[in-house]
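Protein sequence lines correspond, in order, to chains B and H.
Using this note's numbering, count along the first sequence one by one with no gaps and you end on 258.
Using this note's numbering, count along the second sequence one by one with no gaps and you end on 258.
There are 2 protein chains.
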Amino acid sequence: MVGQAEAVTAGLLVIGDEILSGRTKDRNIGYIAEYLTAVGIDLAEVRVVPDIEDEIVAALNALRTRYTYVFTTGGIGPTHDDITADAVAKAFDVSIDVDPRARAMLLERIAEADLNEARLRMARIPAGAELVANPVSKAPGFWIGNVIVMAGVPTIMQAMLDEVAPKLRTGVRMLSETVTANAKEGDIGGPLKAVAEIHTDVSIGSYPFMGEDGRPNTNLVLRSRDPARLAAAVAAVRMMVAEVHAARGTVGA
Amino acid sequence: MVGQAEAVTAGLLVIGDEILSGRTKDRNIGYIAEYLTAVGIDLAEVRVVPDIEDEIVAALNALRTRYTYVFTTGGIGPTHDDITADAVAKAFDVSIDVDPRARAMLLERIAEADLNEARLRMARIPAGAELVANPVSKAPGFWIGNVIVMAGVPTIMQAMLDEVAPKLRTGVRMLSETVTANAKEGDIGGPLKAVAEIHTDVSIGSYPFMGEDGRPNTNLVLRSRDPARLAAAVAAVRMMVAEVHAARGTVGA
Numbered sequence: 006m007v008g009q010a011e012a013v014t015a016g017l018l019v020i021g022d023e024i025l026s027g028r029t030k031d032r033n034i035g036y037i038a039e040y041l042t043a044v045g046i047d048l049a050e051v052r053v054v055p056d057i058e059d060e061i062v063a064a065l066n067a068l069r070t071r072y073t074y075v076f077t078t079g080g081i082g083p084t085h086d087d088i089t090a091d092a093v094a095k096a097f098d099v100s101i102d103v104d105p106r107a108r109a110m111l112l113e114r115i116a117e118a119d120l121n122e123a124r125l126r127m128a129r130i131p132a133g134a135e136l137v138a139n140p141v142s143k144a145p146g147f148w149i150g151n152v153i154v155m156a157g158v159p160t161i162m163q164a165m166l167d168e169v170a171p172k173l174r175t176g177v178r179m180l181s182e183t184v185t186a187n188a189k190e191g192d193i194g195g196p197l198k199a200v201a202e203i204h205t206d207v208s209i210g211s212y213p214f215m216g217e218d219g220r221p222n223t224n225l226v227l228r229s230r231d232p233a234r235l236a237a238a239v240a241a242v243r244m245m246v247a248e249v250h251a252a253r254g255t256v257g258a
Numbered sequence: 006m007v008g009q010a011e012a013v014t015a016g017l018l019v020i021g022d023e024i025l026s027g028r029t030k031d032r033n034i035g036y037i038a039e040y041l042t043a044v045g046i047d048l049a050e051v052r053v054v055p056d057i058e059d060e061i062v063a064a065l066n067a068l069r070t071r072y073t074y075v076f077t078t079g080g081i082g083p084t085h086d087d088i089t090a091d092a093v094a095k096a097f098d099v100s101i102d103v104d105p106r107a108r109a110m111l112l113e114r115i116a117e118a119d120l121n122e123a124r125l126r127m128a129r130i131p132a133g134a135e136l137v138a139n140p141v142s143k144a145p146g147f148w149i150g151n152v153i154v155m156a157g158v159p160t161i162m163q164a165m166l167d168e169v170a171p172k173l174r175t176g177v178r179m180l181s182e183t184v185t186a187n188a189k190e191g192d193i194g195g196p197l198k199a200v201a202e203i204h205t206d207v208s209i210g211s212y213p214f215m216g217e218d219g220r221p222n223t224n225l226v227l228r229s230r231d232p233a234r235l236a237a238a239v240a241a242v243r244m245m246v247a248e249v250h251a252a253r254g255t256v257g258a
């Protein structure tokens with residue numbers, strides 16, 4: 006049996022005033038969600054917090070005690086508002102200082118004469134952390150305990166995720182199948198509920214959308230780690246949809 | 006003096022498995038962030054949680070005790086996975102049932118014969134809540150205590166936000182000014198920190214970007230509710246940038 010016990014979970018902490026003010030539109034949540042799902046990790050919660058140390062520490066501690074992994078984005082640049090590394094060190098109660106390995110990485114791109122105090126901020130790494138290479142602009146992320154700290158710039162974050170992904174423990178991949186009902190959500194909600202109550206081990210989501218023909222339509226998304234149970238639920242949903250159409254005299258899925 | 010005491014804050018709770026699986030890319034966080042900022046409400050925190058009642062209740066209770074308002078999106082449709090209204094009733098410890106006002110709104114769009122049990126789910130409203138009209142598809146949101154429950158479909162959510170906005174208490178609007186440094190973030194990080202340490206009542210964010218000329222550039226975003234303090238900090242930042250360029254022999258902002 007493939008059960009919940011094998012699930013590997015993650016929390017995501019997005020750090021940055023610019024997301025909360027709306028000045029910058031986050032592009033990382035959707036990317037990370039899709040990426041983790043694809044490798045068999047369930048993203049279970051996301052939080053967005055401002056550049057305030059106590060807020061970052063509190064959210065990080067709440068998430069890291071609860072999920073297999075926590076990913077963070079943002080706040081690891083060279084300016085005074087980049088406080089993620091210090092907040093992570095505080096959350097883990099470890100010291101933080103310029104890391105010679107990180108400094109060496111910065112020097113691959115930055116001349117020694119330009120490695121001022123601001124840029125050296127990007128080499129400040131909590132004690133005991135492993136570095137996460139940044140092939141885009143060198144300044145590394147890091148991995149401490151179950152927390153993986155990444156940049157906020159999407160291209161850099163994506164490269165860092167590629168770096169760490171092979172090292173992550175992954176669960177049995179969540180399988181997903183979509184049945185398009187060719188019906189309004191409200192017309193299938195009742196019978197769908199009955200199917201969901203029988204197939205309790207398969208997650209069934211209902212997502213209305215406007216079809217290209219201008220008529221309301223509904224996608225039913227079934228998710229399970231067990232192929233046989235997923236197939237059984239998909240068959241039940243297809244039959245339910247056919248019955249709804251037969252009863253209404255409409256053309257089914 | 007215009008102080009923090011006058012700030013009106015908000016939390017945002019995004020509800021839905023489809024956001025966490027990456028199947029649907031959220032388009033509401035950025036919209037709501039920008040909208041609230043524009044009317045003088047500070048979005049202080051965002052959480053994304055799955056369609057699990059205990060998770061919704063816990064997040065809602067954490068946010069509603071902390072911020073002036075909490076906005077939620079998602080989970081108010083006609084299917085079994087739409088559990089937001091029930092979760093909100095549970096969080097407030099009030100009863101929930103089909104609300105005659107909400108039922109009447111549904112009947113503006115749905116024939117009585119089609120108002121099945123599934124569609125009536127959309128009229129289930131916690132006791133004591135005010136309805137939020139939905140000019141797009143009629144099924145209302147609602148407002149209970151300091152919590153405003155909205156649809157997840159962006160066009161409907163946006164219409165609901167327009168409905169409630171005139172009734173919200175708003176703070177003194179946050180003013181914002183951007184100085185483009187024409188310099189790499191790492192070249193101004195040190196002197197910028199010095200400016201930020203003097204102008205502690207102005208929030209100063211630093212956002213690197215790649216200029217159209219292909220050179221790294223940096224936007225410095227200054228935010229305050231006090232026009233005079235903002236102007237003083239902007240002047241200090243402009244002077245700092247000019248000094249950095251003079252010292253490096255480069256062309257300034």
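Heads up, the beta-carbon is just placed ideally off N, CA and C, and yes, glycines get one too.
Just so it is clear, the structure is predicted and the values come from calculations on it, not from any experiment.
Listed along the chain, the chain B residues whose CB falls inside 7 Å of the CB of S229/H amount to none; the nearest CB is some 13 Å away.
Looking at the backbone, the Cα of T185/B and that of M244/B are separated by about 12 Å.
Distance between R126/H and A90/H, taken at the CA atoms: about 9 Å.
No Cβ-Cβ contact shorter than 7 Å links N151/B with T78/B. Contact of V53/H with chain B is assigned, a C-beta pair being separated by under 7 Å.
Nearest Cα to A240/H within the set D56/H, G27/H, V154/H and A201/H: A201/H. In this structure, N222/B keeps its C-beta atom at 7 Å or more from the C-beta atom of Y212/B.
The beta-carbon of D91/H is placed no less than 7 Å from the nearest beta-carbon of chain B. Of the other Cβ atoms in all chains shown, 16 or more fall within 10 Å of the Cβ of V51/H; this residue is therefore buried.
Around the C-beta of M165/H, 16 or more other C-beta atoms lie within 10 Å, and the residue is accordingly described as buried.
In the structure shown, the three-state DSSP call for Y212/H is strand. Bounds of the beta strand (DSSP E) holding N139/H are E135 to N139. Among the CB atoms of chain H, one or more fall inside 7 Å of the CB of R124/B.
Scanning its chain for C-beta atoms nearer than 7 Å, with the 5 sequence neighbours on each side dropped, one finds around A96/B the residues V62, L65 and N66, in chain order. The segment 141-160 of chain B makes contact with the segment 110-117 of chain B; the number of CB pairs closer than 8 Å reaches 3 or more. Along the segment 30-47 of chain B, going in chain order, the ones with a CB nearer than 7 Å to a CB of chain H are K30, D31, I34, G35, A38, E39 and T42. For K198/B, the chain H residues whose C-beta falls within less than 8 Å of its own C-beta are T84, H85 and A123, listed in chain order. Against chain B, the CB of E190/H has a partner CB under 7 Å away; the residue lies at that interface. M215/B counts as exposed, since fewer than 16 other C-beta atoms from the protein chains shown sit within 10 angstroms of its C-beta.
For the 7 Å CB-CB criterion, T84/H and L197/B form a contact.
Two segments are said to touch when three or more pairs of C-beta atoms, one from each, lie closer than 8 Å; by this definition the segment 45-60 of chain B touches the segment 13-20 of chain B.
Using a 10 angstroms sphere on the CB of E168/H, the tally of other CB atoms reaches 16 or more, which defines it as buried. Contiguous alpha helix (DSSP H) elements confined to the segment 141-226 of chain H occur at 159-169 and 190-203, taking only those with 4 or more residues. Counting only the Cα atoms, D22/H lies some 9 Å from D86/H. For chain B, the residues of the segment 203-217 of chain H that bring a beta carbon within less than 8 Å of one of its beta carbons are S208, I209, G210, S211, Y212 and P213, in chain order.
Residue environment: S208/H is assigned as buried (16 or more neighbouring CB atoms within 10 Å of its CB, all protein chains considered).
Excluding its 5 nearest sequence neighbours in each direction, A170/H has C-beta neighbours in its own chain below 8 Å: Y40 and V44, listed in chain order.
Just so you know, the alpha carbons of E11/B and D206/B end up roughly 14 Å apart. In the three-state scheme derived from DSSP, where H, G and I count as helix and E and B as strand, V103/H is classed as strand.
Between I161/B and N139/B, the C-beta gap is smaller than 7 Å, which places the two residues in contact. At a C-beta separation below 7 Å, V154/B has no neighbours in chain H, since its nearest C-beta there lies roughly 18 Å away. Of the residues A199/H, G191/H and M179/H, the one whose Cα lies closest to the Cα of G27/B is M179/H.
Close partners of R28/B in chain H (Cβ separation under 7 Å): V226. Flagged as an interface residue toward chain H: D22/B, by a C-beta distance shorter than 7 Å. Straight across, the Cα-Cα distance linking D192/B with E122/H is about 10 Å. In chain order, N121, E122 and A123 make up the part of chain H whose C-beta sits under 8 Å from the C-beta of G195/B.
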